[in-house]
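In what follows, a single structure is set out as structure tokens and then discussed.
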Amino acid sequence: STWLATTIGTGMQLLCMSFISIGCAMLGFLSPANRGSMLTVTLLLFALMGVAAGYCAALTYKAFKGSQWKSLTLLTAFLYPGIVLGIL
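Per the working numbering, the sequence shown starts with residue 988, numbered consecutively.
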């Protein structure tokens, strides 16, 4: 249940980040011509959407009556960025 909750939390983080970034670009706040601002906003949103990731992961983990919430917190925070940095 820990891996499922971590995956759901990270997925929600990426989904929210993507939707907000695309929404801002569609409304004209971010111009595709200025790629630096798009990357900056995307990275900022990834960091801020960590709150949504933690909330969704904790909610899922609580539904499965998990007891190791400290390891869930660390996995949710470091799993996806660790895999990406490991590949790079």
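In this text, a Cβ means the ideal position worked out from N, Cα and C, and glycines have one as well. What you are looking at is a predicted structure, and each value in this text was computed from that prediction instead of being measured.
Identify the continuous alpha helix (DSSP H) that holds residue i and give its terminal residues.
i              : result
methionine 999 : 989-1013
lysine 1057    : 1056-1074
leucine 1046   : 1037-1050
Tell me the rounded alpha-carbon separation between residue i and residue j.
i             : j                  : result
valine 1038   : serine 1005        : 15 Å
valine 1071   : phenylalanine 1065 : 10 Å
serine 988    : alanine 1044       : 10 Å
tyrosine 1041 : threonine 1063     : Checking the sequence, you will find glycine at residue 1041 rather than tyrosine. Taking the straight line from one Cα to the other gives about 7 Å.
Mapping the DSSP letters down to three states, classify residue i as helix, strand or coil.
i           : result
serine 1024 : helix
Would residue i and residue j qualify as a contact pair, given that the criterion is a beta-carbon distance under 8 Å?
i            : j             : result
leucine 1032 : serine 1054   : no
alanine 992  : tyrosine 1048 : yes
serine 1024  : leucine 1030  : no
Exercise. Determine, using beta-carbon pairs with one atom in the segment 988-1001 and one in the segment 1056-1075, whether at least three such pairs fall under 8 Å.
Key: yes
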